[in-house]
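**Student:**
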Amino acid sequence: MIIPQIPKGFRDFLPGKMNLRKKIIGAVTEVFESFGFEPMDTPCLEYAETLEGKYGEEGDRLIYKFQDRGGRSVALRYDLTIPLSRVVATYPELTRPFKRYQIAPVWRADKPQKGRFREFYQCDIDIIGTESAYADGELVIITYLVLKKIGFDNFLIRINNRKLLNAFAVKEGINDRQVPSFFRSIDKYDKIGRDGVMKELQNNFTVSKSLETKLDDYIFSEENRKQTGLSEIAKLVEGMPAGDEGLRELETIRDSFSAYGVPEKYYMFDFSLARGLDYYTGPIFETIVTEPRIGSITGGGRYDNLIGLFSRNPVPATGTSFGLERIVTVLDEMGIGGSDGTMTRILVTLFDADLMADNLRIAKTMREADLNVEVYFSPQKLKKQLSYAANRGIPFVVIQGPDEISQGTITLRNMNKGTQEVLSLGDLISTVKNSVLQ
RNA sequence: GUGGGUGUAGCUCAGUUGGUUAGAGCACCAGGUUGUGGCCCUGGGGGCCGAGGGUUCGAAUCCCUUCACUCACCCCA
Numbered sequence: 246m247i248i249p250q251i252p253k254g255f256r257d258f259l260p261g262k263m264n265l266r267k268k269i270i271g272a273v274t275e276v277f278e279s280f281g282f283e284p285m286d287t288p289c290l291e292y293a294e295t296l297e298g299k300y301g302e303e304g305d306r307l308i309y310k311f312q313d314r315g316g317r318s319v320a321l322r323y324d325l326t327i328p329l330s331r332v333v334a335t336y337p338e339l340t341r342p343f344k345r346y347q348i349a350p351v352w353r354a355d356k357p358q359k360g361r362f363r364e365f366y367q368c369d370i371d372i373i374g375t376e377s378a379y380a381d382g383e384l385v386i387i388t389y390l391v392l393k394k395i396g397f398d399n400f401l402i403r404i405n406n407r408k409l410l411n412a413f414a415v416k417e418g419i420n421d422r423q424v425p426s427f428f429r430s431i432d433k434y435d436k437i438g439r440d441g442v443m444k445e446l447q448n449n450f451t452v453s454k455s456l457e458t459k460l461d462d463y464i465f466s467e468e469n470r471k472q473t474g475l476s477e478i479a480k481l482v483e484g485m486p487a488g489d490e491g492l493r494e495l496e497t498i499r500d501s502f503s504a505y506g507v508p509e510k511y512y513m514f515d516f517s518l519a520r521g522l523d524y525y526t527g528p529i530f531e532t533i534v535t536e537p538r539i540g541s542i543t544g545g546g547r548y549d550n551l552i553g554l555f556s557r558n559p560v561p562a563t564g565t566s567f568g569l570e571r572i573v574t575v576l577d578e579m580g581i582g583g584s585d586g587t588m589t590r591i592l593v594t595l596f597d598a599d600l601m602a603d604n605l606r607i608a609k610t611m612r613e614a615d616l617n618v619e620v621y622f623s624p625q626k627l628k629k630q631l632s633y634a635a636n637r638g639i640p641f642v643v644i645q646g647p648d649e650i651s652q653g654t655i656t657l658r659n660m661n662k663g664t665q666e667v668l669s670l671g672d673l674i675s676t677v678k679n680s681v682l683q
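Residue numbers (our numbering): 246 to 683.
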């Protein structure tokens, strides 16, 4: 016997969970499409060189990489952004701005833990070919709409701009090579706090007293981590053109929110947000939830220089990603995700083997009325057939025995209420359909 | 890559200072009820106690090794 097992960090999705995942994907897709995004897919396998060197040192280590039979070095995609960049460079004829969504698995050779897997789904939206900060704003509005639609309320979208952080770093004399590491330390503010960040910075850089004061006054200042602080933060990057540009972009994003009516409680400009990936160049954003502590559930930002790596012509781009498993984890924690659902509405029980032909006809009529119907295959005890329906969560059961046959009727049992009524097939169908609407 | 925790029935877990044939609840199957699930009652199937080695008259229990799972760090969705 072969021991049934699957690789660490990989999972089976049983029907109960799969129905929930499909529901989430459906909600996400609807919002994406309502903003004009179109579906796209790419192969799960890419040449290793396409992926390598894009995510930073840590990211590269987590790429699943191996040789194919021809000795070529290939890799499972690590995210959906790099494959998209490759696509855009491959098909320059795509009309821009190019807005696509992609819901697909990605693979990372990470050590699994709560809310983290080696194979997981991302739901990406990206807008390629525009520098407008309204595009960035749209992504964040969509983030808000999607999470609301799924039923979340306890979330906070953090927004910042790499240009601000960059300008600040340059102004403070941090050299180019150290900037990513500088960002990563800043980014830990939420986790390790002010003192933790300072300690890390002091280990890697020479932190002047004035830099420390500025970090305290602007980056870590609670007051300034609100949208009202945009004018205050301006002082931080005074005289740096890139900084001004970054500020204007954030103002544009803020304007989109107020135009769209995104309530202020769901977002904040947070100057301690930096994000780990190397390729971000402009506005960056991520969503955190307070209840289960599982990092971020969405994350993204502008990456104007990435497509240039695959093409002579650099193309501006911005995008964001929803982590499907993290959303499911939060729903589970909220007690919404645990229930095993079924799409099946009715089970037609088999009272006697001779009645199978009748059952098939009943089921056919019901299916033609757009109901999901299952027929039971063997004439086992009703007790058994009913408990089967109950275990599956099927809400209605059809029973047709000698009594019904002689009267030309059908019995419909409501499994949730424990009630049943004797009806004609037509009435039965409308009863079930009306109950669906409830 | 670094550190902690846990491995006993399908699942959640008991199992005393080492001592007969390893337990419970849930789930499953059968019956109580040959036209009715959930509640109740009765019975039943299920275990290489993660694996390998050692100590011992005797090991689920002690020691070593190893594997698996899990949580945290790093990083990330």
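We put the CB at the ideal spot given by N, CA and C, even for glycine.
Sort Arg520, Leu569 and Lys459 by Cα distance to Gly545 and report the nearest one.
**Tutor:** Arg520
**Student:** Which class does Arg557 belong to by DSSP, given the choice of helix, strand or coil?
**Tutor:** coil
**Student:** Thinking just about the alpha-carbon of each residue, which of Thr594, Lys433 and Leu460 is nearest to the one in Ala414?
**Tutor:** Leu460
**Student:** What are the start and end residues of the alpha helix (DSSP H) that includes Ala378?
**Tutor:** Ala378 to Ile395
**Student:** Taking only three categories from DSSP, how would you classify Val507?
**Tutor:** Look at Val507 here: in three-state DSSP terms it is coil, with no helix or strand label.
**Student:** Quick one: Cα of Val391 to Cα of Phe255, how far?
**Tutor:** 26 Å
**Student:** Which residue marks the beginning of the alpha helix (DSSP H) containing Thr295, and which one marks its end?
**Tutor:** From DSSP, the alpha helix (DSSP H) with Thr295 extends over Ala293 to Leu296.
**Student:** Please determine, among Ser476, Lys416 and Ser426, the residue with the shortest C-alpha to C-alpha distance to Ser453.
**Tutor:** Lys416
**Student:** Rounded to whole angstroms, what is the Cα-Cα separation between Phe567 and Val273?
**Tutor:** 9 Å
**Student:** Do the CB positions of Val620 and Phe400 come within less than 8 Å of each other?
**Tutor:** no
**Student:** Taking the C-alpha atoms as reference points, what is the distance between Gly583 and Lys393?
**Tutor:** Since pLDDT at Gly583 reaches only 49, below the 50 mark, its modelled position is unreliable, and no value is offered.
**Student:** Reducing DSSP to helix, strand and coil, say where Lys693 ends up.
**Tutor:** What is shown of the chain runs 246 to 683, which leaves residue 693 out entirely.
**Student:** Take Ser669 and list the residues in its own chain whose beta-carbon comes closer than 6 Å to its own, dropping the five residues that flank it on each side.
**Tutor:** Nothing meets the Cβ criterion.
**Student:** Within the same chain, show all residues whose beta-carbon is closer than 8 Å to that of Gln683, passing over the 5 residues directly before and after it, in chain order.
**Tutor:** Note that Gln683 has pLDDT 47, beneath the 50 cutoff, so the model's placement of it is unreliable and the number below is only indicative. So the list is empty, once near-sequence residues are dropped.
**Student:** Out of Phe514, Met285, Asp500 and Ala479, which one is the CA nearest neighbour of Ala378?
**Tutor:** Asp500
**Student:** Since I believe Val424 is in contact with Tyr434 (beta carbons under 8 Å), could you give me their beta-carbon distance rounded to a whole number of angstroms?
**Tutor:** With a Cβ gap of about 17 Å, Tyr434 and Val424 do not count as contacting.
**Student:** List the residues that DSSP assigns as beta-bridge partners of Leu592.
**Tutor:** Glu619 and Val642
**Student:** Quick test of the definition: if touching needs 3 or more C-beta pairs under 8 Å, does the stretch 559-574 touch the stretch 597-607?
**Tutor:** no
**Student:** Taking C-beta to C-beta, are Ile269 and Val643 nearer than 8 Å?
**Tutor:** no
**Student:** Helix, strand or coil for Lys356? Go by DSSP, reduced to three states.
**Tutor:** Here Lys356 sits in coil by DSSP.
**Student:** Report buried or exposed for Ser279, applying the criterion of at least 16 other Cβ atoms within 10 angstroms of its Cβ.
**Tutor:** exposed
**Student:** Out of curiosity, what's the CA-to-CA distance linking Tyr297 and Gly540?
**Tutor:** One point to set straight first is that residue 297 is Glu, not Tyr, in the sequence displayed. Taking the straight line from one Cα to the other gives about 24 Å.
**Student:** Return helix, strand or coil for Val534, following the three-state DSSP convention.
**Tutor:** strand
**Student:** Using three-state DSSP, classify Leu518 as helix, strand or coil.
**Tutor:** coil
**Student:** Report the rounded CA-to-CA distance for Glu364 versus Gly491, giving the unit in angstroms.
**Tutor:** Distance from the CA of Glu364 to the CA of Gly491, rounded to the nearest whole angstrom, comes to 35 Å.
**Student:** Report the option in Gln367, Arg314 and Arg306 whose CA atom is closest to the CA atom of Thr236.
**Tutor:** Lying outside 246 to 683, the shown extent of the chain, residue 236 is not represented and no answer is given.
**Student:** Could you give the first and the last residue of the continuous alpha helix (DSSP H) run that contains Ser430?
**Tutor:** Val424 to Asp432
**Student:** Over the uninterrupted alpha helix (DSSP H) stretch that includes Lys454, give me the two end residues.
**Tutor:** Here the alpha helix (DSSP H) through Lys454 covers Lys454 to Lys459.
**Student:** From this set, Thr587, Gln665, Ser466 and Asp324, which residue's C-alpha is nearest Asp515's C-alpha?
**Tutor:** Ser466
**Student:** Would you mind reading off the limits of the alpha helix (DSSP H) that contains Lys628?
**Tutor:** Leu627 to Arg637
**Student:** Between Ile542 and Arg571, is the Cβ-Cβ spacing less than 8 Å?
**Tutor:** In this structure, Arg571 lies closer than 8 Å to Ile542 by Cβ.
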